[in-house]
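Asks: In this text, residue positions in the sequence shown follow full-length UniProt numbering: the first is 1, and each later residue adds one.
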Amino acid sequence: MTEDKEFQKLIQRINELAHKAKNEGLTDLEIIERKELRQKYLKRFREGFKSQVEMMRVFDKSGKEVTPEKVKKVQRKKGLRND
Numbered sequence: 001m002t003e004d005k006e007f008q009k010l011i012q013r014i015n016e017l018a019h020k021a022k023n024e025g026l027t028d029l030e031i032i033e034r035k036e037l038r039q040k041y042l043k044r045f046r047e048g049f050k051s052q053v054e055m056m057r058v059f060d061k062s063g064k065e066v067t068p069e070k071v072k073k074v075q076r077k078k079g080l081r082n083d
C-alpha cells in the first residue's frame, strides 16, 4: 500500500511539472527533477509489465495452451508451473 501512495505521488509530481512546463517553463533544477522522476516511473512501469507477462498464459481458440516457451521457462523457474 505504501508503494501505491509513493507511486501516486510520483505521478502527481510528474503531472505538476508537465503543467508548469507547458504554462510557464521549468527551472534547470526542475528539468533535472522531471528527468529523474520519469526514469523512476519507467523503471516501475517496466517491472510491473514484466511481472504481468511472466504470469500470463495464452490459449488459442480451441483451448490449447500456446504460451511461448520462453515465458513457460520463467514460470517454471519461479515455481508457477509444474509441466
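In this text, a Cβ means the ideal position worked out from N, Cα and C, and glycines have one as well.
Small disclaimer: the values here were computed from a predicted structure and weren't measured.
Rounded to a whole number of angstroms, what is the C-alpha to C-alpha distance between D83 and E47?
Replies: Going by the C-alpha atoms only, they are around 26 Å apart.
Asks: When you compare the stretch 53 to 66 with the stretch 15 to 27, are there three or more beta-carbon pairs, one atom per stretch, that lie closer than 8 Å?
Replies: Too few Cβ pairs lie closer than 8 Å, so no.
Asks: For E16, does the three-state DSSP call read helix, strand or coil?
Replies: Reduced to three states, the DSSP call for E16 is helix.
Asks: Could you give the DSSP three-state label for E24: helix, strand or coil?
Replies: Residue state, collapsed to three classes: coil.
Asks: Could you tell me the boundaries of the alpha helix (DSSP H) in which V71 lies?
Replies: Looking at the DSSP string, the run of the alpha helix (DSSP H) that includes V71 is 69 to 77.
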